[in-house]
Structure formats: C-alpha cells, structure tokens
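The structure appears right after this line, and notes come after that.
Residue numbers (our numbering), protein chains in the order written: chain Z, -18 to 618; chain B, 94 to 210.
Here it is, written out as structure tokens:
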C-alpha cells in the first residue's frame, strides 16, 4: 500500500475554498473564528496558486478498491450520467480498471440509467451497476427505481454522497449531499447501506448483490462517500473482498406442493396464470413441461415471456384482451386457477370467481416473502385456498414431479381430450386476431396492427427480440400476431407503469442483445420518448444496434381518452380536451430528433404501403451495427 | 391520474365492450346522414380516439362497416362515455352513422400473406 505524497491539506478543503469564495468565507457568523478557512483555501479564493505543500497526490485511492469489489461481482457495464459525488469511483473505473467489466455507458438522465439497467437485466438475467449523483441524481432516478421494484428486477445503485459536512465542496456540495441519501428510495428498494469504511463497503456491496438477486429480486443502493473514494487507502489496511454466497431461490414447502399437485391433477379445468414467473429461460421450459403434463390452459400475463405464445395450450389470445390477459376470460370457466407470480391476482380471478364461487385458487409467489408498506404495488388482497410463499420458477420442478406421480392412465386420457380442445380454441383465437387486424389495414395514419404485421413479415426469420412492451398502446398486436418462443424475446413493460420507461429500457435491453448478435425491435411510444430522449444519443454513441419504430400517435393518448370520457359524462363536449393531452402545433419530427443525436432515421411515414421498404432499410442498418429510427405516424391505438 | 385512466381504458378492452354486437343492428339512422359531414364529426368528436379513424377499433371495438344504433350512443354500456344531445345532435349522430356505413369491408385475412405467417 502506497502512502500519500502530501498530506498537509486535502482536496476537498481546497475545492471548498474555491467554490465558496472569500466573500462567503468572511460572512458574519456567531462562530466565525471556528469556520475560518485554512490558509490554502484563502489563497485559492484570492486567486493565488496553492503552495507546493498543499498539493496532494494519491497513489491508491479508496475507489480503486471499490472497483475491485464491483469487478468481483461480475458487472459487465456501469450505466451512469456523470456526477462529482462519484467522480473518484468513475475515474477508477476508467483508469484503474481500464473501462472493462464494468464498461462505462454514458447516460443523459439518471431515470434513463436505471430503466436501461432494468431492460438489460430482464434480457440477461443479471444486473449492471448504476452510478447516481447525490441528492439530485437520486431524485431523477426515483421513478425508474420504483418501476424496477414493482417489476422484481435487479438494479444495483452506487450513490455518491459527502457525509462529512466539513469536507463538502461549497454550496453545490451541500445541496447535493444528504444525511441519508437512500432514504428517498427506501420505500421501493430491497436494501441499502451507507458504509463508513472500505471493509464496510466490501461487505455491504457483496451483501447488497446477494439480497438483490434473491427472489423476489429488487433494487438495492450502496452510498459511497466521496472522501472514502478519494482518500488514500491507509497503509496496513487489511482489505479483502468477501466471497459472494448467492442464495438459492426459495422453493415451496414439500407438503404444500403435494397438496397443490393433488388439486391440479383432480381439477377438470385448471388454468395456470403466469405473471413474472419465468425469471430465466429455464422458467419457460418448466411451465411448458407442467402445462403439457396436465394438458391445461395457460394464460400468460406477459410481465415476462413465460410461455410460447403460439403454444396450443396458450389461451392468452382468447381473452380478447390483446394477448395479455389481466383476467380469466369468460369462456374458460375453470374449477382451479393457479397464479404463478401473477400480477394483480385479485382482479385476474375476480370475475371468474363471481361466476363460480366454488372455484379453488392457489398462488405460488415470492411476492409474499417481501413487501414494503407505503407504495401500493402489492395490489388488492387475494383470498386463496393454498398460498405458497416461494419462487414459482424454483418450485415448478417439484410440482411437476408431484403431479407426475399422481396421474393415472384414466386422467391422462382425460387430459389429452382437454388439451385437444384447448388447441382448437387457441387456433380459433389466432384466426380471430388475424381477422381483427384487417380492419383499417390500409388506413392512414397507419394502424398498429398493420405496423406490427409488416414488422413480423420481415423479422420472423431473424434472431429477433422485442425490446418494448407489446402494450395496450398498440393493442398488444405483436403478442397477438408474432411467434414468441424464447424468454429473451419479450421483457414486459414498466413494473409501475411509469411513462418514460420504454425508451431507456429498450436501449438497455438492446445493449444486452448486442453481444448475442440479435435484432432488437422497439415499437416506441412518442410521449414516452420525450421524457428523456437523450437515450437516443446513448444508443448512437455506443453503437447499439436496434430498430426503433415510432408509435407516433401525436398524443398522450391514454389521457386523451380519459379526459374525453370525463367531458362527455359531464356533457361539455370535447372541444378543449387536446389542451395538455395532444402533442401538436408543432408535431415533433422524430426522424430529425434522432438524426440530431447521430441515429440514422427516416420519416414521418404515414402510408402503410411504404412500410415494407422502410423496415427493410432499417434492418440493413441495424445489421451493420447501428441503431435506426423510423418515425411512423400511427392510429391512436 | 394516469393509472385511473389506464384502468378505465383497460376495462374497455377486457370484455366490458363499448358496443355489444346486438346493439349494432342496422337502423334507419344512417340513412338520414351525410357521409362527409359524418367523417368530420367522427374526427372532431373524438370517436376515433377509441375506435380508430376508419372505425377499425382500438381501445373500443371495430364499428365499421357496421353501424351502431343512435340509442346506444346516447346510453352506452360499459366504459364508453355517453354522447348526449347536449354534445351531439341527432343529425350529427346520423351523419356519423352514415360515415361508418360508407367504410368498405376490410380485405380477407386469408388474402394477406403477412397475416398468415
């Protein structure tokens, strides 16, 4: 361990003098003498060069060790907008670690950093690190942190702060510091800590990773003090990095699993409802195995890709809800519903339970193992006949085996008949979706069905992935018309439905797809992009291949409909509802916006007959390793 | 606000249809209407926000080339807001219905190759 070359003054104190200025230092105060600056501060404030004795050189700053710890956790990237409160850490990533594992990805808003991390994690199954600057950076990040929390997504935040009040850099240093900076997001993170030493940092950093990755996963925050980053590691300090001991995902209790298997095998018409069930590709395989064993219906709520959407047992399209059922469809009449990390399970089964009060309900969810109080993402309380507090993906192998031992040959015959009927209904649902897509086929602005179908026609033989939500905003057409088979092809949407999530999450997901050579497709809502469109520059700067097709309906359309409904119910007409809800006068030229940030682009395109050529050009550019944006002017939904 | 609005709109998506199929029975209302005026009114009064500019559907169901009944639009079920006489006159509605009736039927899905992939 090297020693600091000069220790007669410190850099923080030097900066403090520079920023505050002599006038401020001379301000009248009851204890003016106690606040008097050190000699070198006054010298700096008066414009004099600091004395040689005040020059401080550090050979081994604490942030180098912090980076050693971060590297040990296997982060591929660090997503961050720069900030002075983690500048020491930033410098260590670049110059000490060579900007590799993690590689610094320049972001233009902390909300973008976090949402990008969320998108990346849902594709790659592991987190990136995020650096966030003090109070204001955390405030920027907060909505995306809440999205990740509600989405059970791992997000690892490193939060810069200056704890020592005597070492803050003037006015800005003060307003960007807090006693407890992570308090802002504590209601929607799993864990946080503010280490006071490097050994403390090492232990807390590893602990945070472990907590974050244990289902239900969620964001964590480690506050790193500026002085701990910048000061010389004291000679003789015994620093070591604790071994990461990942927790195995919690599987269900054996007796409860046996009971669930009995109920499943005995049921005449069971339905499996999967929300955030498949954490990994293995989760999809397990759900397919269970469903095929029982030949039972699956409703995929598509918070992840839980089940192939054209599998004959997938009944999601039957719901008439755009392929993303939030309730069990009327025609299904189950006698047993099993929620697997189901989202808003109460609403999902409310209608069908009213129709059949004798229906049994099972839930398997890690959500029961961890919840905060203040923010209400846990949804309404659901009455269940069997509630298994466990990770559904981890529990499925045991449930499958328990079912297998109970299935008699007679039940197997009944299951086959059930499966054949479901397959027929699934086919009918797909045909209905295709028929519905024909309405407005040649309309201008372009129908969202036509946009989705034209995209599918050109990507279906590629190694593609959708990196935005197949949302109600586009009537969920991709989930209705495309053939999703693999877990990474769909990542769901914003956990807390925060607008501004889609664009950065798409870029983060596309970064994850890059090394796999996949073709990421984003169908990007216009209003969402305008929350923090600097993410386009990030995609251009880091050469992130992705095709961005704008869903440019020139409005916050959800709010248009809501306000219109209110105005009509109040019988006042809708002459004024465009105020505050529509994006017009002027229309935004998204092609120019993208172009200004270095993304090749074209549009606006309003004629559906132009789509095929436009998409083809875009795919060619993306295959060359760059992003491409098409401004497509679309129908409202 | 956003979430409340979303809930309203999603409820419209999920089976609580704006316009049940039986309510689409042909009526004489459309015969009294002007197609061009109807199109302008369809857009001006925001019908297209839920049903699309050519009635193809969106948050609400597709409503063209069929037509809705005037009575239903005055007192709709589900999440569709009512269009009372204070907002749209009978003649306005007749014009809108005429426009919806004028919209040609879509092409058959079997004839669109990209919808069969």
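The C-beta atom is built at its ideal place from N, Cα and C for all residues, glycine as well. Fair warning: this is a prediction, and the values are worked out from it, not measured in the lab.
- Partner residues in a beta bridge of residue 144/B, as assigned by DSSP, do not exist.
- The residue among 568/Z, 426/Z, 543/Z, 390/Z with its C-alpha nearest the C-alpha of residue 589/Z is 426/Z.
- Interface flag for residue 131/B against chain Z is unset, since no Cβ pair is found closer than 7 Å.
- With a threshold of 7 Å between beta carbons, residue 210/B makes contact with chain Z.
- Taking a beta-carbon distance threshold of 7 Å, residue 171/B does not count as an interface residue toward chain Z.
- An exposed status is given to residue 221/Z, since fewer than 16 other beta-carbon atoms sit within 10 Å of its beta-carbon.
- With a cutoff of 7 Å on beta-carbon distance, residue 55/Z and residue 114/Z are scored as not near each other.
- What residue 205/B touches in chain Z, judged by beta-carbon distance under 9 Å, is 415, 418, 419, 422, 434, going in chain order.
- Only those residues of the stretch 534 to 547 of chain Z whose C-beta falls short of 9 Å from the nearest C-beta of chain B are listed: 536, 537, 538, 539, 540, 541, 542, 543, 544, 545, 546, 547.
- Residue state for residue 613/Z is assigned as strand, using DSSP reduced to three classes.
- Cβ-Cβ distances below 7 Å link residue 282/Z to 254, 255, 256, 305, 306, 307, 323, 324 in the same chain, with the five nearest sequence neighbours on each side left out; the list follows chain order.
- Residue 156/B places its beta carbon less than 7 Å from that of residue 193/B.
- For residue 308/Z, the secondary structure class from DSSP, reduced to helix, strand or coil, is coil.
- Between residue 327/Z and the set 454/Z, 149/Z, 342/Z, 313/Z, the nearest pair of CA atoms involves 342/Z.
- Cβ-Cβ distances below 8 Å link residue 85/Z to 58, 59, 61, 71, 74, 75 in the same chain, with the five nearest sequence neighbours on each side left out; the list follows chain order.
- Interface residue (Cβ-Cβ distance to chain Z less than 7 Å): residue 202/B is classified as such.
- In terms of Cβ geometry, residue 474/Z and residue 512/Z do not form a close pair [threshold 7 Å].
- A straight-line Cα-Cα distance of about 9 Å links residue 449/Z and residue 501/Z.
- With 16 or more neighbouring CB atoms inside 10 Å of its own CB, residue 290/Z falls in the buried class.
- Spatial neighbours of residue 510/Z in its own chain (CB-CB distance under 6 Å, excluding positions within 5 residues in sequence) are listed in chain order as 484.
- Checking the DSSP bridge columns, you'll see residue 61/Z partnered with 87/Z, 112/Z.
- For the 7 Å CB-CB criterion, residue 91/Z and residue 122/Z form a contact.
- Interface annotation, residue 184/B: not in contact with chain Z, CB-CB separation never under 7 Å.
- In the three-state scheme derived from DSSP, where H, G and I count as helix and E and B as strand, residue 279/Z is classed as strand.
- Two segments are said to touch when three or more pairs of C-beta atoms, one from each, lie closer than 8 Å; by this definition the stretch 263 to 271 of chain Z does not touch the stretch 436 to 447 of chain Z.
- Sequence-distant partners of residue 555/Z (beyond 5 residues in either direction) whose C-beta falls short of 6 Å from its own C-beta, in its chain, are 545, 548.
- The contact set of residue 456/Z on chain B, defined by CB atoms closer than 9 Å, consists of 106, 150, 151, 152 in chain order.
- Of all residues in the stretch 326 to 343 of chain Z, only 332 come within less than 9 Å of chain B when Cβ atoms are compared, listed by chain position.
- In chain order, 549, 552, 554 make up the part of chain Z whose C-beta sits under 7 Å from the C-beta of residue 180/B.
- If you draw a straight line from the Cα of residue 575/Z to the Cα of residue 596/Z, it is about 16 Å long.
- Per DSSP, residue 582/Z lies in no alpha helix (DSSP H) segment; the continuous beta strand (DSSP E) that holds it begins and ends at 581 to 586.
- In this structure, residue 69/Z keeps its C-beta atom at 7 Å or more from the C-beta atom of residue 214/Z.
- Here residue 562/Z really is in contact with residue 540/Z; their C-beta atoms are around 5 Å apart, less than 8 Å.
- Close to residue 437/Z, with beta-carbon spacing below 8 Å, are these residues of chain B in chain order: 207, 210.
- In the same chain as residue 261/Z, and ignoring 5 residues on each side of it, the C-beta atoms closer than 6 Å to its own belong to 106, in chain order.
- When only Cα atoms are considered, residue 355/Z and residue 205/Z end up about 26 Å apart.
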